[in-house]
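Protein sequences appear in the order of chains A and B.
For the first sequence, counting from 1, position 74 maps to 75 in the working numbering; every step adds exactly one.
For the second sequence, counting from 1, position 148 maps to 149 in the working numbering; every step adds exactly one.
Where is the CB? At the ideal position from N, CA and C, for every residue including glycine.
Note that the structure is predicted; figures quoted are calculated from it, not measured.
Number of protein chains: 2
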Amino acid sequence: MDEKLGSAQGALIQALGRQSAFWGLGKTAGEMYAVLYLSDEPLSLEEVARSLKVTKGNISIAIRQLEQLGMVKRSRKIGDRRVFFTAETDFWQIAHSVLELRHKPEFAETFTMVNESYKYAEQAKPSPEKGIAVERLQALQEFYRLIDGIVETTLSMRPEQLKRIIKMIKIIPLKEKGE
Amino acid sequence: MDEKLGSAQGALIQALGRQSAFWGLGKTAGEMYAVLYLSDEPLSLEEVARSLKVTKGNISIAIRQLEQLGMVKRSRKIGDRRVFFTAETDFWQIAHSVLELRHKPEFAETFTMVNESYKYAEQAKPSPEKGIAVERLQALQEFYRLIDGIVETTLSMRPEQLKRIIKMIKIIPLKEKGE
DNA sequence: TATTACGTTTAGAAGCTTCTAAACGATGTA
DNA sequence: TACATCGTTTAGAAGCTTCTAAACGTAATA
């Protein structure tokens, strides 16, 4: 491989490995994606393993995560028993499925528990503590709904539409700061 | 403490501990915040430690994180050597500082490395591989800029303004799906 | 000054995650 | 059927994170 391309690959492996770990996907998953993302042709499991200097077993497990998130596609060549992998390049779609499959269930679970907490608080016998608890749990629920609204709305748009909206918002003076 | 309030607290501790871990803050930090969030008065370090059945040292370290993120305020009472803690209840402000202090530096670092990767790829000698690499690294850079724009714009608004925008977007038919 | 009551730091234990090496299973080929 | 070549699974090693217990530093009080 071209030396400069090798450096480019190295830098991207570092970059995406880091991001991937940050988002809770594990470093290897991001590194694998980086390798596939820069390849002009599908790579076999062993090729990926060799690029990253890790074992096949390691790749086998990590790649499943990536497939489940729609970040990697599996393909085959006729007359070849090996399995080949390709990076999904549509980041918007990836964002969709990551939020849908990883973040949404986590949020839903938490939201359920907050609701439960709220129900308990309501049943407590009157006291200043109860007052504070009920009030704050309501505020928390509302915040969750706001976040959910933002994410849902954002994902309902295509990137081009979003860019337009962002431009619009930047232009609008937003005078009403002291609401 | 009222039994129901105890249950409410337990549920919230679970909920926020979970979320906190999910966002990379560590379980204890979220649990501490939950305890403070439901309290109608500032709590001492030892009271928090007792509520969660962990050691003081543990709390001492975790609370520093929360302070740095602006999620908890420290206060004192005259004639009392103890330090008391209060939960910041403005989630919007918390979102701001968490994104600013935790996510932004991480993104900036990654973005720098992606740029570096791009520069290397440009310097490679012409080949199909190079073509793919340059093209894709550009796409990745653009995606990063989009995400950054979304976050910056979102944070530049007050929650009320955001809600209005979200409502607007939901009403607009967005016919142009096949762009 | 000695004592007490607090928060902080630190060394090490416990637990969890992630990796490797090797066995295993399955599938295509002679 | 026997063999070779893959991907997958698994038991255990290594490394990292997070917790505890205890020592330590500090500031107020007598």
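For A:Ala22, there is no enclosing beta strand (DSSP E); the enclosing alpha helix (DSSP H) covers residues 4-23. When A:Ile62, A:Leu6, A:Pro43, A:Leu39 are compared, the shortest CA-CA separation from A:Lys28 is found for A:Ile62.
Only residues of its own chain outside the window of five on either side were considered, and among them Ala30 have a CB closer than 6 Å to the CB of A:Gln66, listed in chain order. Separation of the CB atoms of A:Asp41 and B:Pro129 is rounded to 5 Å, and the pair is thereby assigned contact status at 8 Å.
Contact annotation: the stretch 80-89 of chain B touches the stretch 36-52 of chain B, with at least three C-beta pairs closer than 8 Å. Between A:Val115 and the set B:Ser8, B:Glu4, B:Gly7, B:Leu13, the nearest pair of CA atoms involves B:Leu13. Secondary structure of A:Lys126 (DSSP, three-state): coil. In the structure shown, A:Arg65 falls within a helical segment according to DSSP collapsed to helix, strand and coil. If you look at A:Val84, you'll find it in the beta strand (DSSP E) that goes 84-88. Put simply, the CB of B:Met158 is near chain A, with a gap under 9 Å to one of its CB atoms. For A:Leu100 and B:Asp81, the gap between their C-alpha atoms comes out near 47 Å. A distance below 7 Å between beta-carbons, with the five flanking residues on each side excluded, links A:His97 to the following residues of its chain, in chain order: Leu156.
Approximately 11 Å separates the beta-carbon atoms of A:Arg137 and B:Tyr34; this is outside 8 Å, ruling out the contact. For A:Leu102, the number of other beta carbons within 10 angstroms of its own is below 16, and it is reported as exposed. Taking the CA atoms as reference points, B:Phe23 sits about 12 Å from A:Pro106. At a cut-off of 9 Å between beta carbons, A:Pro43 makes no contact with chain B.
For B:Ser52, no beta strand (DSSP E) encloses it; the enclosing alpha helix (DSSP H) starts and ends at 46-53.
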